[in-house]
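Q: Below is one structure. I have some questions about it.
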Amino acid sequence: MNKQTALSLISDLSNARGAPGFEEEVLAVIRRYGEGLGEWTEDSMRNLYLHRTGWKENQPVLMLDAHTDEVGFMVRAIRPNGTLDFVTLGGWVASSVSAHRVMVKTKLGDWVSGVIASKPPHFLSEAERKLAPDISQMVIDIGAKSNKEVIEDYQISMAAPIVPDVSLEYCQRRDIMIGKAFDDRLGCAVILSTLRELEGIDLPFNIICAFSSQEEMGLRGARVTAQVINPKLSIAFEGCPADDTVLEPYLVQTALKKGPMLRHIDSSMITNPRFQRFALDIAREKAIPVQEAVRTGGSTDGGVIHTTFKAVPTIVIGVPVRYIHSHHGIASYSDYEDSVRLATAVIRGLDEKIIAGF
455 MNKQTALSLI
465 SDLSNARGAP
475 GFEEEVLAVI
485 RRYGEGLGEW
495 TEDSMRNLYL
505 HRTGWKENQP
515 VLMLDAHTDE
525 VGFMVRAIRP
535 NGTLDFVTLG
545 GWVASSVSAH
555 RVMVKTKLGD
565 WVSGVIASKP
575 PHFLSEAERK
585 LAPDISQMVI
595 DIGAKSNKEV
605 IEDYQISMAA
615 PIVPDVSLEY
625 CQRRDIMIGK
635 AFDDRLGCAV
645 ILSTLRELEG
655 IDLPFNIICA
665 FSSQEEMGLR
675 GARVTAQVIN
685 PKLSIAFEGC
695 PADDTVLEPY
705 LVQTALKKGP
715 MLRHIDSSMI
725 TNPRFQRFAL
735 DIAREKAIPV
745 QEAVRTGGST
755 DGGVIHTTFK
765 AVPTIVIGVP
775 VRYIHSHHGI
785 ASYSDYEDSV
795 RLATAVIRGL
805 DEKIIAGF
């Protein structure tokens with residue numbers, strides 16, 4: 455996949471609106487860019503499966519996973535003055551929520567702009583000014599003046615999904631992308647680009663890609679996809695939190711422009727050490743920049759995939775993203791490109807004997 459096509463893919467995926475449980479726009483983009491790569495199926499959770507062209511009976515299955523949802527919000531109630539109470543979908547930090555633009559989905563299927571608002575400083579007491587912001591005290595203002603107007607004119611009701619209102623920007627000279635939902639639309643893009651790189655190549659195993667829903671709500675979609683696929687081996691692709699602006703230099707393990715991150719552990723999985731070593735050796739052999747990480751928090755779909763049935767050797771290939779779980783993330787195209795190179799090389803290097811050794 456050439457760079458311009460890849461950037462269009464990333465942009466369309468990033469801009470698509472897909473709060474947990476409401477990922478339809480994202481699936482439409484994936485289907486469009488994945489046309490001709492295989493057979494599509496979908497389940498009632500809106501998990502999307504792509505069976506790679508060239509299916510062979512009685513061959514082991516490699517599962518490629520990425521999740522389609524993004525952190526967002528949901529309307530909890532409509533106040534008499536027309537502002538919207540909301541709850542979070544996924545992990546948000548209160549300090550990154552207020553004063554940002556959002557889009558609220560109506561019952562007619564279109565989107566309305568709004569702003570996440572809190573009490574202006576002019577109306578705060580001295581004691582209130584010193585308090586940390588709390589999401590429960592914030593509302594979304596769409597410009598309405600009454601509950602009735604929101605319901606009857608705007609056609610917005612309880613449980614309407616809400617996402618950040620952000621459009622992707624790419625700076626060619628600095629190779630930097632700024633946009634929303636890089637966790638995990640970058641992972642989705644890496645899978646599709648990797649399959650394009652593998653077109654026409656015969657492999658001694660089958661590939662099923664799972665674009666799973668509701669990861670941000672507790673890895674829910676992958677609990678289903680892993681059972682449906684029952685793979686022999688799995689690679690989870692993520693937009694993972696970059697740490698190069700928040701930690702001391704000696705602790706940095708996931709920096710921009712230094713390649714994909716392979717994590718050894720997080721809160722949900724100890725990575726299969728044999729599969730991990732295989733991937734690291736491939737990276738070294740092919741001169742692909744890669745970063746290793748030991749995480750004390752966070753989790754990926756790999757956390758539920760690797761314990762499915764009789765256990766599934768799983769690694770995580772993560773594209774570094776600064777400030778995930780906020781309205782704006784920052785990522786490098788070169789890290790995305792190196793993630794595709796690494797995934798392609800790892801897959802091409804596998805055979806049935808190597809898989810059995812994991």
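Each step along the sequence shown adds one to the number in our numbering, with nothing skipped, and position 345 is 799.
Glycine residues also receive a C-beta, built at the ideal position from the N, C-alpha and C atoms.
For clarity, every value in this text was computed on a predicted model and none was experimentally measured.
1) Are the CB atoms of His-505 and Gly-490 nearer to each other than 8 Å?
2) Kindly indicate which three-state DSSP category Ile-661 falls into: helix, strand or coil?
3) Given Thr-798, which residues of its chain have a CB within under 8 Å of its CB, disregarding the five upstream and five downstream residues?
4) Assign His-521 to one of three DSSP states: helix, strand, or coil.
5) Please report how far the alpha carbon of Asn-684 lies from the alpha carbon of Asp-656, in whole angstroms.
6) If you measure between the beta carbons of Leu-804 and Phe-659, is that distance less than 8 Å?
7) Which first and last residues belong to the beta strand (DSSP E) in which Ala-747 is found?
8) Which class does Arg-530 belong to by DSSP, given the choice of helix, strand or coil?
9) Kindly indicate which three-state DSSP category Asp-827 falls into: helix, strand or coil?
10) So what's Gly-756 in DSSP terms, helix, strand or just coil?
11) Relative to the alpha-carbon of Ser-600, which residue among Met-631, Ala-531, Leu-562 and Ser-621 has its alpha-carbon at the smallest distance?
12) Looking only at its own chain, which residues have a Cβ that is under 6 Å from the Cβ of Pro-534, when we skip the five neighbours before and after it?
13) Cβ of Ser-722 within 8 Å of Cβ of Asn-501?
14) Tell me, to the nearest whole angstrom, how far the beta carbon of Ala-570 is from that of Val-547; I am working on the premise that it is less than 8 Å.
15) Which partner residues of Phe-691 appear in the DSSP bridge assignment?
16) Give a yes or no on whether the C-beta atoms belonging to Gly-693 and Asp-638 are separated by under 8 Å.
17) Any contact between the region 579 to 591 and the region 512 to 521? By contact I mean 3 or more CB pairs, one from each, below 8 Å.
18) Out of Ser-611, Gly-568 and Ala-598, state which residue places its alpha-carbon closest to the alpha-carbon of Thr-411.
19) For a quick check, are the C-beta atoms of Gly-713 and Gln-745 less than 8 Å apart?
20) Name the residue from Ile-464, Met-455 and Thr-522 whose alpha carbon lies nearest to the alpha carbon of Glu-477.
21) Going by beta-carbon coordinates alone, are Phe-527 and Ile-616 separated by less than 8 Å?
22) Unbroken alpha helix (DSSP H) runs of length 4 or more, entirely within the region 665 to 724: which are they?
23) Considering only residues of the same chain and omitting the five flanking positions on each side of Gln-681, which have a CB-CB separation below 8 Å?
24) Within the continuous alpha helix (DSSP H) that includes Ile-562, where are the two ends?
25) Can you tell me whether Pro-575 is buried or exposed? The criterion is at least 16 other CB atoms within 10 Å of its CB, across all chains shown.
26) Secondary structure at Glu-606, three-state DSSP: helix, strand or coil?
27) Apply the 10 Å Cβ neighbour rule to Lys-634 and answer buried if 16 or more other Cβ atoms are within range, or exposed otherwise.
28) Compare the Cα-Cα distances from Asp-698 to each of Met-715, Ser-688, Leu-687 and Ile-689 and report the closest residue.
29) How would you write the range of the alpha helix (DSSP H) that Leu-734 sits in, first residue to last?
30) Looking at the unbroken beta strand (DSSP E) that takes in Asp-789, where does it start and where does it end?
31) Please go through the same chain and pick out, in chain order, the residues whose beta-carbon is closer than 7 Å to the beta-carbon of Arg-717, but skip the five residues on each side of it.
32) Under the three-state reduction of DSSP, which class applies to Ala-815: helix, strand or coil?
33) Which value, in whole angstroms, describes the spacing of the CA atoms of Lys-807 and Leu-646?
34) Under 8 Å, do Val-556 and Gly-545 count as touching if we go by C-beta distance?
A: The structure says:
1) As a position in the sequence shown, residue 505 is number 51, starting the count at 1. As a position in the sequence shown, residue 490 is number 36, starting the count at 1. It is not a contact, given that the beta carbons lie outside the stated cut-off.
2) Counted from its first residue, the sequence shown places residue 661 at position 207. Secondary structure of Ile-661 (DSSP, three-state): strand.
3) Numbered from 1 along the sequence shown, position 344 holds the residue referred to as residue 798. Once the five neighbours on either side are set aside, the close Cβ partners of Thr-798 are Thr-648, Glu-651 and Leu-652.
4) Position 67 of the sequence shown holds residue 521. In the structure shown, His-521 falls within a strand segment according to DSSP collapsed to helix, strand and coil.
5) Translated into the one-based positions of the sequence shown, residue 684 becomes position 230. Translated into the one-based positions of the sequence shown, residue 656 becomes position 202. Using only the alpha carbons, I get a separation of about 22 Å.
6) Numbered from 1 along the sequence shown, position 350 holds the residue referred to as residue 804. Numbered from 1 along the sequence shown, position 205 holds the residue referred to as residue 659. Their beta carbons are under 8 Å apart, which means Leu-804 touches Phe-659 by this criterion.
7) Numbered from its first residue, the sequence shown carries residue 747 at position 293. According to the DSSP assignment, Ala-747 belongs to the beta strand (DSSP E) that extends over 745 to 748.
8) Counting from one through the sequence shown, the residue named residue 530 turns up at place 76. Look at Arg-530 here: in three-state DSSP terms it is strand.
9) Limits of the chain in this structure are 455 at one end and 812 at the other, which puts residue 827 out of reach.
10) On the sequence shown, residue 756 is found 302 positions in, with the first residue counted as 1. If DSSP states are grouped into helix, strand and coil, Gly-756 belongs with the helices.
11) Position 146 of the sequence shown, counted from the start, is the residue given in the question as residue 600. The shortest Cα separation from Ser-600 among Met-631, Ala-531, Leu-562 and Ser-621 belongs to Ala-531.
12) In the sequence shown, counting from the first residue as 1, residue 534 sits at position 80. Correct list, in chain order: Asn-601.
13) Within the sequence shown, residue 722 is the residue found at index 268, counting from 1. Within the sequence shown, residue 501 is the residue found at index 47, counting from 1. No Cβ-Cβ contact shorter than 8 Å links Ser-722 with Asn-501.
14) Against the sequence shown, residue 570 aligns to sequence position 116. Against the sequence shown, residue 547 aligns to sequence position 93. Residue 570 is actually Ile in this sequence, not Ala. No, Ile-570 and Val-547 are not in contact; Cβ-Cβ is about 13 Å, not under 8 Å.
15) Against the sequence shown, residue 691 aligns to sequence position 237. In the DSSP assignment, Phe-691 forms a beta bridge with Ile-771.
16) Translated into the one-based positions of the sequence shown, residue 693 becomes position 239. Translated into the one-based positions of the sequence shown, residue 638 becomes position 184. Yes, these two residues count as a Cβ contact at 8 Å.
17) Verdict: no, contact absent.
18) For residue 411 there is no data in the structure shown, the boundaries of the chain being 455 and 812.
19) For this step, residue 713 is matched to residue 259 along the sequence shown. For this step, residue 745 is matched to residue 291 along the sequence shown. Closer than 8 Å, so yes.
20) Here residue 477 is taken as the residue at index 23 of the sequence shown, counted from 1. The candidate whose alpha carbon is nearest that of Glu-477 is Thr-522.
21) Position 73 of the sequence shown, counted from the start, is the residue given in the question as residue 527. Position 162 of the sequence shown, counted from the start, is the residue given in the question as residue 616. A contact, by the Cβ cut-off of 8 Å.
22) Fully enclosed alpha helix (DSSP H) runs of 4 or longer: 674 to 683.
23) What you label residue 681 is simply residue 227 of the sequence shown in a count that begins at 1. Scanning its chain for C-beta atoms nearer than 8 Å, with the 5 sequence neighbours on each side dropped, one finds around Gln-681 the residues Thr-762 and Phe-763, in chain order.
24) Counted from its first residue, the sequence shown places residue 562 at position 108. Checking the sequence, you will find Leu at residue 562 rather than Ile. No alpha helix (DSSP H) holds Leu-562; DSSP gives it neither H nor E.
25) On the sequence shown, residue 575 is found 121 positions in, with the first residue counted as 1. If you draw a 10 Å sphere on the C-beta of Pro-575, you find fewer than 16 other C-beta atoms in it, and that means exposed.
26) By 1-based counting over the sequence shown, the position of residue 606 is 152. In this structure, DSSP gives Glu-606 a helical state, which the three-state scheme calls helix.
27) For the purposes of this step, residue 634 is taken as the residue at position 180 of the sequence shown. Buried: at least 16 other Cβ atoms inside 10 Å.
28) Within the sequence shown, the letter at position 244 stands for residue 698. Selection Met-715, Ser-688, Leu-687 and Ile-689 evaluated against Asp-698 yields Met-715 as nearest (Cα-Cα).
29) Residue mapping note: residue 734 aligns to position 280 of the sequence shown, counting from 1. Annotation: the continuous alpha helix (DSSP H) that includes Leu-734 extends over 727 to 739.
30) Here residue 789 corresponds to residue number 335 of the sequence shown, with the count starting at 1. Looking at the DSSP string, Asp-789 is not in any beta strand (DSSP E); the run it does join, the alpha helix (DSSP H), is 787 to 803.
31) As a first step, residue 717 must be located in the sequence shown, where it is residue number 263. Listed in chain order, the non-local C-beta contacts of Arg-717 below 7 Å within the same chain comprise Thr-725, Ala-747, Arg-749, Val-770 and Gly-772, local neighbours out to five positions each way being set aside.
32) Because the chain in this structure spans residues 455 to 812, residue 815 falls outside the shown range and cannot be described.
33) Locating residue 807 in the sequence shown gives position 353, counting from the first residue. Locating residue 646 in the sequence shown gives position 192, counting from the first residue. Each residue's alpha carbon lies about 26 Å from the other.
34) For the purposes of this step, residue 556 is taken as the residue at position 102 of the sequence shown. For the purposes of this step, residue 545 is taken as the residue at position 91 of the sequence shown. In this structure, Gly-545 does not lie closer than 8 Å to Val-556 by Cβ.
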